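Data first, discussion second: the structure below is written as structure tokens.
Residue numbers (the numbering used here): 21 to 301.
As structure tokens, then:
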């Protein structure tokens, strides 16, 4: 054996091991990517309506439909409020949302490694038909994807609510029992209304009794007391006179009205009502 055979054999063995390690890494990456793509397609087919699912095959979907479907869900839409859309744009948006719901697609907000937020397709079937290195196709803006995601979620909620209403209509009660229940509810509402009106009157009377108004004599510019003309002085000798005087003190607009309000301190513009000066005198 030659002395040079040892180093040459060692270098060849190292090269062979290097190629084997690279091949194993490529194989592992291939199977991982294949599994991710398969999971995305299976997740997409899981929630598709049965009427459409019966006509779709996994191979047909991957080879023939997905590429065209991604172009259909990427129309030219303006990033503005949908109320500002024209009738054609609204119809286009409705068709887009209907397509995404039927094929179980939506946009999910994600954060990139650079800290920026973006919307990605969920499930991400773009990886199945769009390979790296090729020129990118038409992409929607962040605002348009956000709009589509919101409208898609609202439409899903509306469809769920309509389905629940249809199920509830099948379980209707007997018409006589429904009529009887309505009469009982009407009677209960009348009693509650009567009791609430009494409570309102009692609460108003208690507030009128508890209200203490400081009486100050009217004075002129020099501080002299002004005696009103034509109004006899009243004394609180009886209960009726005191009650009437208290109502006059807080104002007829409050004591004899169905709408009343009371302030502790400060000013509030929550309740406004026209009050004439003659009602305060």
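C-beta atoms are modelled at their ideal positions from N, C-alpha and C, and glycine is treated no differently. Note that the structure is a prediction, hence the values are computed from the model and not measured.
- Pairing residue 182 with residue 295, the inter-Cα distance amounts to about 50 angstroms.
- Here residue 111 is actually not in contact with residue 95; their C-beta atoms are around 11 angstroms apart, not less than 8 angstroms.
- Put simply, the region 114-128 touches the region 85-101. At least three CB pairs are less than 8 angstroms apart.
- Annotated three-state conformation of residue 125 is coil, per DSSP.
- Collapsing the DSSP output to three states places residue 132 in coil.
- The continuous alpha helix (DSSP H) containing residue 172 extends over residues 162-189.
- Beyond the five residues adjoining it in sequence on each side, residue 139 comes within less than 6 angstroms, by CB distance, of 127, 129 and 165 in the same chain, given in chain order.
- Residue 145 places its beta carbon less than 7 angstroms from that of residue 64.
- Taking residue 116 as reference, the option from 173, 300, 136 and 104 with the minimal CA-CA separation is 173.
- In this structure, residue 143 places its C-beta atom within 7 angstroms of the C-beta atom of residue 60.
- Here residue 62 carries a helix assignment [DSSP, helix/strand/coil].
- In this structure, DSSP gives residue 88 a helical state, which the three-state scheme calls helix.
- Bridge pairing for residue 80: absent [DSSP].
- Your pair residue 99 and residue 163 checks out as a contact, with CB atoms roughly 4 angstroms apart and the cut at 8 angstroms.
- DSSP, reduced to helix, strand and coil, places residue 239 within a strand of the structure shown.
- In the three-state DSSP reduction, residue 67 falls in the coil class, being neither helix nor strand.
- DSSP places residue 295 in the coil class of the three-state scheme, outside both helix and strand.
- Restricting attention to 179, 177, 168 and 300, the CA atom closest to the CA of residue 109 is found in 168.
- Note on residue 300: under 16 other CB atoms within 10 angstroms of its CB, so exposed under the neighbour-count rule.
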